[in-house]
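**Student:**
Here it is as structure tokens:
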């Protein structure tokens, strides 16, 4: 993380995508900055400083998940969103809670591997082009597995190429690099994607067993190769990936990824309110407290064994969220409550918030629809009154039916622009203005009919 990224700057970054919820932004910004501060303290104190996990309380669609997701992007940290309702108590059919650590470790390995591959991209591209030159002008090298063919003296001694052949290869190299031969087809060797031999093990609860067996048998049976005819442009990408894989040390990738999970990892536990509440003693609720007890050691700090190595969870930041409509945080078991010392209430969205959501974020819905329709050669503009009317409709429907927060705007915008999206490829007009009359024409009847709006909006 950039040492200059102060809590105020983190909040400012979050403001670009999320409207309102200042308290929640402030809490996560402090939590993120504390991670940086922890790295600077002396070693004997470093292990004692544990992250202050956060519990977000608020209705659906107000930005809980988005805050956590954007926070992970700002920190460039391993992040995973988990629905806690998918977990069941040990002994029941379903996923065990340790799978969240295995999942975030896999995510971290992908992240570190991508970064490493970017660093060797130039070298990998050079090697890939050289391999293509070898295929197109096979005067320099002989395929390694062609043991039974008669080799000429020139092929036995690779250093005895004359200047003419070297110049020809160099010209070929430059032409391939500049993309002048991208459409030409060549035959390359690629690894064959074999079916998983132990697919039966990939079910919930025993997925790790399946993976470990697969790794073990994978070393016994070498990967098969097959010939594939592709364009030179495709060959460059395929061979670049292959060469980049050879240039990076996977053991170092795994080590760095595990360290990143342990010190920077963020796990978002969604719908935690669904495992809170009093036990009924029967039915699907029977394992609610059991799931909480299973989650507790992970949040408290424990060591989880993965196929890449052991992962300590002591310094992973956990952000839990729930609406808590029919239960309260007090219904969680006391030990788990104590592991989420920071509680933040997120407010329901106001009319003004809906209007801001449509206009201000970098990824606002209006900007998204404009970009989509621009691909058809249609430019759309929204008048200020139209935006205000859309936000009023969204707020009113949330008040009168189920409150689903900002997600209501998705359904309204889709209904509003449904006909325009359908007709866009054949439209002659290149600019269309969405005014308040257009909004009324498309939405008034549906909004006025309360029964209909329940199903459509």
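Residue numbers (UniProt numbering): 1 to 457. For every residue, glycine included, the Cβ atom is placed at its ideal position computed from N, Cα and C.
1) For residue 243 and residue 230, I'd like the C-alpha separation in whole angstroms.
2) Between residue 50 and residue 315, what straight-line distance do the alpha-carbon atoms span, to the nearest angstrom?
3) The alpha helix (DSSP H) spanning residue 303 covers which residue range?
4) At which residues does the alpha helix (DSSP H) containing residue 421 begin and terminate?
5) Within 10 angstroms of its Cβ, does residue 422 collect 16 or more other Cβ (buried), or is it exposed?
6) Which one or two residues does DSSP pair with residue 189 in a beta bridge?
7) Can you give the beta carbon distance from residue 299 to residue 318, rounded, assuming they're within the 8 angstroms contact cut?
8) With 16 as the cutoff for other CB atoms within 10 Å, does residue 32 come out buried or exposed?
9) Answer with buried or exposed for residue 430, where buried requires no fewer than 16 other C-beta atoms within 10 angstroms of its C-beta.
10) Between the segment 97-111 and the segment 66-84, can you find at least three pairs of beta-carbon atoms closer than 8 angstroms?
11) Residue range of the alpha helix (DSSP H) that residue 317 falls in?
12) What are the boundary residues of the alpha helix (DSSP H) that residue 242 is part of?
13) What's the gap between the Cα of residue 339 and the Cα of residue 269?
14) Residue range of the beta strand (DSSP E) that residue 309 falls in?
15) When burial is assigned at 16 or more other CB atoms within 10 Å of the CB, is residue 313 buried or exposed?
16) Do residue 353 and residue 19 have their beta-carbon atoms positioned less than 7 angstroms apart in this structure?
17) Given this structure, state the Cα-to-Cα distance separating residue 119 from residue 253, to the nearest angstrom.
18) With a threshold of 16 other CB atoms inside 10 Å of the CB of residue 99, please say whether the residue is buried or exposed.
19) If you reduce the DSSP assignment to three classes, tell me which class residue 55 lands in.
20) What is the DSSP secondary structure of residue 403, counted as helix, strand or coil?
21) Starting from residue 15, trace the alpha helix (DSSP H) both ways and give me its first and last residue.
22) Taking the C-alpha atoms as reference points, what is the distance between residue 289 and residue 96?
23) Quick test of the definition: if touching needs 3 or more C-beta pairs under 8 angstroms, does the segment 334-350 touch the segment 62-70?
24) Name the residue from 404, 426 and 438 whose alpha carbon lies nearest to the alpha carbon of residue 59.
25) Determine the closest residue to residue 391 out of 377, 408 and 402, with distance taken between C-alpha atoms.
26) Could you tell me which residues DSSP puts in a beta bridge with residue 381?
27) Looking at the structure shown, is residue 137 part of a helix, part of a strand, or coil, going by DSSP?
28) Here's the rule I'm using: 16 or more other beta-carbon atoms within 10 Å means buried, otherwise exposed. How should residue 21 be labelled?
29) Around the Cβ of residue 259, are there at least 16 other Cβ atoms within 10 angstroms (buried) or fewer (exposed)?
30) Residue 12 to residue 36, Cα distance in whole Å?
31) Pick from 406, 337 and 116: whose alpha carbon is nearest that of residue 293?
32) Can you tell me whether residue 124 is buried or exposed? The criterion is at least 16 other CB atoms within 10 Å of its CB, across all chains shown.
33) Among residues of its own chain, excluding the 5 on either side of residue 309, which ones have a beta-carbon nearer than 8 angstroms to its beta-carbon?
34) Quick check: what's the CA-CA separation for residue 501 versus residue 81?
35) What span of residues does the alpha helix (DSSP H) with residue 70 cover, start to end?
36) Can you give me the Cβ contacts of residue 184 inside the same chain, cut-off strictly under 8 angstroms, excluding the 5 residues immediately before and after it?
**Tutor:** Judging by the given coordinates:
1) The straight-line gap from Cα to Cα measures roughly 17 angstroms.
2) Rounded to whole angstroms, residue 50 to residue 315 spans 6 angstroms at the Cα level.
3) Not the alpha helix (DSSP H): residue 303 falls in the beta strand (DSSP E), residues 303-306.
4) Its alpha helix (DSSP H) spans residues 418-423.
5) Here residue 422 is exposed, its C-beta having fewer than 16 other C-beta atoms within 10 Å.
6) Partner(s): 227.
7) Approximately 5 angstroms separates the beta-carbon atoms of residue 299 and residue 318; this is inside 8 angstroms, confirming the contact.
8) Result: buried.
9) Per the 10 Å Cβ criterion, exposed.
10) As far as the Cβ criterion goes, the segment 66-84 touches the segment 97-111, which means the pair count is three or higher.
11) Boundaries around residue 317 are those of the beta strand (DSSP E), 317-322, since no alpha helix (DSSP H) includes it.
12) Under the DSSP assignment, residue 242 falls in the alpha helix (DSSP H) whose first and last residues are 232-247.
13) Going from the Cα of residue 339 to the Cα of residue 269 covers about 13 angstroms.
14) Residue 309: member of the beta strand (DSSP E) spanning 309-312, first to last residue.
15) The residue is buried, with at least 16 neighbouring Cβ atoms inside 10 Å.
16) Note that the C-beta distance between residue 19 and residue 353 is below 7 angstroms.
17) Going by the C-alpha atoms only, they are around 13 angstroms apart.
18) It is buried - the Cβ of residue 99 has at least 16 other Cβ atoms within 10 Å.
19) Correct three-state label for residue 55: strand.
20) Here residue 403 carries a coil assignment [DSSP, helix/strand/coil].
21) It spans 7-15 - the alpha helix (DSSP H) in which residue 15 sits, taken as one unbroken run.
22) Straight-line Cα distance between these residues: approximately 14 angstroms.
23) With the cut-off at 8 angstroms, the segment 334-350 and the segment 62-70 touch.
24) Nearest in C-alpha terms to residue 59, of all of 404, 426 and 438, is 404.
25) For residue 391, the nearest C-alpha among the options comes from 408.
26) Looking at the DSSP output, residue 381 sits in a beta bridge with 433.
27) Looking at residue 137 - three-state DSSP - the assignment turns out to be coil, as it is neither helix nor strand.
28) Around the Cβ of residue 21, a 10 Å sphere holds 16 or more other Cβ atoms; the residue is buried.
29) Classified as exposed, residue 259 has fewer than 16 neighbouring CB atoms from the shown chains inside 10 Å of its CB.
30) Taking C-alpha positions only, residue 12 is separated from residue 36 by approximately 18 angstroms.
31) Answer by Cα proximity: 337.
32) Classification for residue 124: buried.
33) If we look at residue 309 and ignore the five residues flanking it on each side, its Cβ neighbours are 254, 255 and 258.
34) Shown here, the chain extends from 1 to 457; a query on residue 501 therefore has no answer.
35) 64-75 is the extent of the alpha helix (DSSP H) around residue 70.
36) If you ignore the 5 residues before and after residue 184, its C-beta comes within less than 8 angstroms of the C-beta of 231 and 232, all in its own chain and listed in chain order.
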